[in-house]
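Reviewing the structure listed below.
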Amino acid sequence: MAREFETSYTGTLDDTVGGRPASGGIPFSDEVETMADWGRRQCTRRRFNMALSGAVAAGLARRCWGVGEESPASSPMAIDRNPPRDVPRYRIYPLRNGRCEIAGNDAFEGGDPAKSYEYVLYAWLILGGEKPMLVDAGLNDVAGMNRGAATVLRRPITQAPTETIASQLVRFGLKPADIGHVFITHLHFDHVDGLDAFTKAKICIGKREWELATANDCKGSWGHGRIMFMLRDKPEWNKRLMLVEDQEILPGIDSFFVGGHTLGSMSYRINTAHGRVVLTGDTASLLANIEKDIPVGVHMDLEQCKAGMKKIRERADIILPSHDPTTTDRWPPVPTGTPRYTVRAIKVGQCEVRDFITFQDSEGQDTRTYNLYVWAILGGPNPILVETGPNPKYVGDFNKATAQYIPGGVKQLPEEDTLVALKRAGIDPADVSHVIATHLHADHYDYFPAFPNAKLVVNRREYEDARGDADNPEDRGHLNPEVFAAIRSHPQSLILAEDQEIVPGIRTVPLGCHTFGSQGVLVQTHVGPVMLTGDVVYLYESIEQDRPTRSPDPGVCQAAMARIRSLADIVLPAHDPQTLVRWPGGLIGDRPGRVVTP
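My numbering runs 26 ahead of the 1-based position in the sequence shown.
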């Protein structure tokens, strides 16, 4: 039996976005106009569906276009509970694409029309293969969808600027052109509207879905008009179209027919470290459809829906429905009892750094803008900081020591003093339980004495290299004098870390490279594991274009970046101003859908 994520979920909304056409055929010559036509027809949609099913099936012989590539048909897929060890274990990330509300009788067959349910729109990013992949392509034209589906939506679709698929891909260091495959569950508007952005991807669509949606000279189709024309008329798209059935598409990725919501709907089964995950498409839109064994109310064939849900259970270890608003509370999974944190990037200064320091492969004197950050980890009993920012007392000394490669030195506005910036973010220094220093350079740790109740977490080798003569209690070595005094007076405040969990869900990871004892900090968040790299990675360009920072041993830096990539798909470089662009308000890994106030 599948592990249907435990929940007491009582209601949220249905798939309507463009998808609603399943309840009645939509000619695709003009999607906005025909969706409005369909909305006026919705009261008779189930009677129309019965007629449509027969008419479309009869029209199969008159498919209106060919396909560039058709995947081989196969016999029904065997249920393999123990995939071979060499099968890839992919990582799946839900990309929230908006929200809306629909009526209870559309969310559930026989549901109460007086009730409303929230639906969240998703595309699904799959990493771990040769190229990144998506299941479904998301919605771009929200206004057009709301106009066309106005009679269906109890509350219209809303989409924050951060909820476009492109804005979420960039957080993983990706562009639409990087996507290698897009697996389409069905051809409704909200699942394919963004498809034209993926100009290099193979487009996998169910063979039955394609043939039925394009039958009878394309009349009565439930497919999205603009996308259907693109796939039909443009050779550069048609040649990348693959029709799939019950089969393995790639090692560890299977497609199988479920039908019901549309007559050709597909689900996709993905092998992961947590088991076989089935991304259902709209044949199961909410987790409650699976838990209560009640099909969606929007369907073209009720018996197909029931059979499709049974098939999903048989093939899945874990089920991820297409529109459930609680998905991101459960996926990606974390160990029992592990908090899901939010990381807040707090800017505490700025400087210009020469390229010959930024990149190992450059001798350039040009400069790039660096932000100085303190990273606040929120969501546990107390705030935890990564880095302290520079202590204003010592900024002048720091600037003199680094003048060769930081011309003009570090600049701080009055509000960028760490203590002022933390207060603006609602953080009292006395409440901070831990300060984790990625390394012992002044701008990363020398404000530690301002946190009277915090423990200082430093990599063991880093501390021993900086400490001087350990047998001489007066020898501070290279340590900041105030930090040294704070540690001497409260030795229990020092934690010498290696590869270990500091508190549940927060782990230090030795990396080396920038200094011999540099460490990263791995944080479990609402969107998955996030790596704070310290100065092992200065900028996104360093890790996304494989350009290591200046180091005496470039091989160590290459190995450090490889380890970072192996542990997290979301990486936060130490000093990149783009962090505040990719993550507006500086909130990283926050609960999706929460409004961010900078």
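We treat Cβ as the ideally placed atom computed from N, Cα and C, and that holds for glycine. Just so you know, these numbers come straight off a predicted model, no measurement behind them.
query                                                                                                                                                                  : result
Below 8 Å on the Cβ atoms is my contact criterion, and I expect G375 with V436 to pass it. Report the Cβ-Cβ distance as a whole number of Å.                           : 5 Å
R125 by DSSP, collapsed to three states: which one?                                                                                                                    : strand
Straight-line CA distance for V270 to W357?                                                                                                                            : 27 Å
Should N498 be labelled buried (16 or more other beta-carbon atoms within 10 Å of its own) or exposed?                                                                 : exposed
Please tell me whether S568 and C539 are closer than 7 Å, where the distance is taken between their beta carbons.                                                      : no
Here's the rule: buried if 16 or more other CB atoms are within 10 angstroms of the residue's CB, otherwise exposed. What is R380?                                     : buried
Could you tell me which residues DSSP puts in a beta bridge with I528?                                                                                                 : None; I528 has no bridge partner.
Going by DSSP in three states, W150 sits in which element: helix, strand or coil?                                                                                      : strand
Only counting the same chain, and skipping five residues up and downstream in sequence, which positions put a Cβ closer than 6 Å to that of G220?                      : A163, G164, N166 and I191
Enumerate in chain order the residues of its own chain whose CB-to-CB distance from P618 is below 6 Å, with the five nearest sequence positions on each side excluded. : R122 and T354
Counting only runs of 4+ residues fully inside the stretch 180-233, write out the alpha helix (DSSP H) ranges in chain order.                                          : 191-195 and 215-218
Hey, L305 and W150: beta-carbon distance below 7 Å or not?                                                                                                             : yes
Please tell me whether, using a cut-off of 6 Å, the distance from the CB of A402 to the nearest non-hydrogen atom of the ligand GDP is below it.                       : Absent from the structure shown: the ligand GDP. Ligands present: none.
Could you check which residue in A480, I231 and V196 has the C-alpha nearest to that of I528?                                                                          : A480
Just to confirm before moving on: does the CB-CB distance between N485 and A512 stay below 7 Å?                                                                        : no
Going by DSSP, name the residue or residues bridged to G546.                                                                                                           : V535
What ranges does the alpha helix (DSSP H) occupy inside the stretch 389-475, keeping only unbroken runs of at least 4 residues that lie completely in it?              : 421-427, 444-450 and 468-471
Measure the alpha-carbon distance for R239 versus P361 and round it to whole angstroms.                                                                                : Contrary to the premise, residue 239 reads as Ala rather than Arg in this sequence. Each residue's Cα considered, the two are about 43 Å apart.
Considering just the uninterrupted stretch of the beta strand (DSSP E) at E488, what are its terminal residues?                                                        : Per DSSP, E488 belongs to no beta strand (DSSP E); it is in the alpha helix (DSSP H), R486 to R493.
Just list the residues that DSSP pairs I372 with in beta bridges.                                                                                                      : V400
Can you pull the DSSP bridge partners for C9?                                                                                                                          : Beyond the ends of the chain as shown, which are 27 and 624, falls residue 9; an answer cannot be given.
Determine which residues share a DSSP beta bridge with Q273 and list them.                                                                                             : S281
So, helix, strand or coil for L238, using DSSP?                                                                                                                        : helix
In this structure, does DSSP put A87 in helix, strand or coil?                                                                                                         : Low confidence applies to A87: its pLDDT is 27, below 50, so where it sits in the model is not reliable, and the reading given next is rough at best. Helix.
According to DSSP, simplified to helix, strand and coil, what is T298?                                                                                                 : strand
CA-CA distance, W609 and R197?                                                                                                                                         : 8 Å
Are the beta-carbon atoms of I590 and V597 separated by less than 7 Å?                                                                                                 : yes
Determine the extent of the alpha helix (DSSP H) in which M326 is found, giving its start and end residues.                                                            : No alpha helix (DSSP H) contains M326, which DSSP labels as neither H nor E.
Can you have a look at Q330 and say buried or exposed, based on whether 16 or more other CB atoms are within 10 angstroms of its CB?                                   : buried
Which residues share a DSSP beta bridge with L267?                                                                                                                     : I229
So P507 is in the alpha helix (DSSP H); what residue range does that whole segment cover?                                                                              : P507 to S515
Rounded to whole angstroms, what's the CA-CA distance from W263 to G363? Just pull it up for me.                                                                       : 47 Å
If you follow the alpha helix (DSSP H) that V556 is in, where does it begin and where does it stop?                                                                    : Not the alpha helix (DSSP H): V556 falls in the beta strand (DSSP E), residues G554 to L558.
So the candidates are Y564, V553, L537 and L548; which of them puts its Cα closest to the Cα of A585?                                                                  : L537
CA-CA distance, E442 and G611?                                                                                                                                         : 15 Å
Going by other Cβ atoms of all chains shown within 10 Å of its Cβ, with 16 needed for buried, is E340 buried or exposed?                                               : exposed
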